[in-house]
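Numbering (my numbering), first residue to last: 49 to 483.
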């Protein structure tokens, strides 16, 4: 009857720990390596990672920094197998502390390229490309300029960066064709394929933004509909090269960039689950607050999550809504300042008010009185330079009724809105004179 693999792996780990406590680092390192390999076969990647990290510590004690780096890389790769890219990133970063102690200058330069690039690939599947690029730049000065420039892994990062910035899908095809030249381990190649899967998904996604009106005033509500076609992501996942069978798509975050005169009043509840292969429409409500010369909406940044594992941020196009000033409107009213009597003059007050949001410019008012209501004093034609929001104006006329009856007073009004559009209106007021 054979050994139980799990028991065998734990026994090997116990042996390695006992050697380490006895400071038998050479034997301990070998035992940790063997234990790690056994845990990998059991797909217990967390235990394997810990074995390799302890193995790296044994080599540091022995001042065999090249071997320590190899152990550390194995630990990071275990995190890739476990699809824990954040932990892998941390281990690859920490590995550089060991690399700095390596005595072989060529190995040191190679590793000062390798581990920052592996870190970059981990950030790329987390939608943190800039973080990865900044990290690579920190170590660029530690490597000979020509070596750095010509390193295949640096060319990989350059191609991927330019592809994403310039929407250059051809460079993604180039990376795919060169994948065997990067000298990565099998699981690191899987990581690279995940990064390419994310990049292809990002560059092939399409969307459109539609507004419910051609123009808006600052009193209006803006209804915006964003349509996103996600079927291309499903098509990409069917490509066996990527070794990724897509099971779920979500939108986990939405960020808006808006001009100062716009605010977001309503957006979809997150997260948003998307049926694979289907289109999705998202509704937003915005409110303009004041007019400005160059209002804009967007880009909208949508964070997509694939299988609770891979992330990318998709930016929509920027759109510029047309905002116009609110149309002004004027309210007229008449008020008897003394009871009207036939054959006697009485004061009649005319009030014009701007209760709207827009300014009325060049206001011209002409009043038509019936023959039975004679204007004794005051003007029936009034010109006003402007009436702003909440402004009003009043004036008096002296009117003398000649007979009793029901009459109509007609106001003809012309004015311009702030965009110099002419507005004309007529208002009629019933007016009675009693015996």
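Every residue, glycine too, gets a C-beta built ideally from N, C-alpha and C.
For residue 108, the CB contacts under 6 Å within the same chain, skipping 5 residues up- and downstream, are 116 in chain order. Taken through DSSP and simplified to helix, strand or coil, residue 229 comes out as helix. Of the residues 479, 462, 447 and 460, the one whose Cα lies closest to the Cα of residue 454 is 479. Distance from the CA atom of residue 390 to the CA atom of residue 482, rounded to whole angstroms, is 8 Å. In the three-state reduction of the DSSP assignment, residue 214 falls in the helix class. As DSSP reads the structure, residue 384 sits in a beta bridge with 396.
In the pairwise beta carbon analysis, the region 308-320 is classified as touching the region 335-345: at least three pairs are separated by under 8 Å. Residue 345 and residue 268 have their C-alpha atoms roughly 16 Å apart.
Here the alpha carbons of residue 67 and residue 93 stand approximately 22 Å from one another. In the three-state DSSP reduction, residue 53 falls in the helix class (H, G or I).
With 16 or more other CB atoms across the displayed protein chains lying within 10 angstroms of its CB, residue 236 is buried. DSSP places residue 300 in the strand class (E or B) of the three-state scheme. Fewer than three beta-carbon pairs drawn from the region 311-331 and the region 360-379 are found closer than 8 Å, and the two stretches are therefore not classed as touching. In the DSSP assignment, residue 237 falls outside any beta strand (DSSP E) and within the unbroken alpha helix (DSSP H) covering 234-252. About 6 Å separates the beta carbons of residue 440 and residue 399, which is inside the 8 Å limit, making them a contact pair.
Per DSSP, the beta-bridge partners of residue 425 are 446.
With three or more CB-CB distances shorter than 8 Å, the region 188-204 counts as touching the region 156-172. Straight through space, the alpha carbons of residue 349 and residue 208 are spaced by roughly 20 Å.
Comparing C-alpha distances from residue 143 to each of 169, 105, 289 and 176 shows the shortest one belongs to 105.
For the pair residue 134 and residue 154, the Cα-to-Cα distance works out to about 28 Å.
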